[in-house]
Amino acid sequence: MRCVQEAVYVYEGSINKFLMDDKGSTLIACFGLPPISHEDDAARSVLAALCICEKLFEIGLNVSVGITTGEVFCGVTGSKTRREYTVLGDSVNLSARLMQRACTEGGGIICDSSTRSACADALAFISLEDIHVKGKS
């Protein structure tokens, strides 16, 4: 877990959640949340994901990552007895779907077109066939 934290923090992202269940471990990391945001947050997220994949592949772990770029709600949700800081929105849901798709294809990173467009000048991408996601055209 430490190498994952370091990769996110080196690129000035935030770890929102780390979950472990019967399906494995899930990390939700965000880039561009207040008070730290950069014009190149999309590229930073991809670079952090590449670093995480490299480090975890080295120790024999299969890693699947979904990356999206878009507006989300970030803030405190819950009640008086249980609250948490979280991110909610279409981008979060799409990212989870892309991560699931990457998992079915043996691991790796899948980014949405917004992420690709936002950092195409800095990074090279491989085009995939269109991925059909429920609720999206």
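Be aware that the sequence shown starts at 88, since it is given in our numbering, and climbs by one per residue.
Ideal placement from N, C-alpha and C gives every residue a C-beta, glycine not left out.
Nothing here was measured: the structure is a model prediction, and the numbers come from that model.
Residue pairing for residue 207: DSSP places it in no beta bridge. One alpha carbon belongs to residue 213, the other to residue 200, and they sit about 11 Å apart.
Pairing residue 202 with residue 154, the inter-Cα distance amounts to about 7 Å. Ranked by Cα distance from residue 93, the first of 142, 164 and 104 is 142.
Scanning 206, 186, 209 and 137 for the CA closest to the CA of residue 115 turns up 186. For residue 201, no pairing in a beta bridge is given by DSSP. Note that the C-beta distance between residue 189 and residue 196 is below 9 Å.
Between residue 171 and residue 163, the alpha-carbon positions lie close to 5 Å from each other. Under the DSSP assignment, residue 109 falls outside any beta strand (DSSP E); it carries neither an H nor an E label. Under the three-state reduction of DSSP, residue 168 is assigned to coil, being neither helix nor strand.
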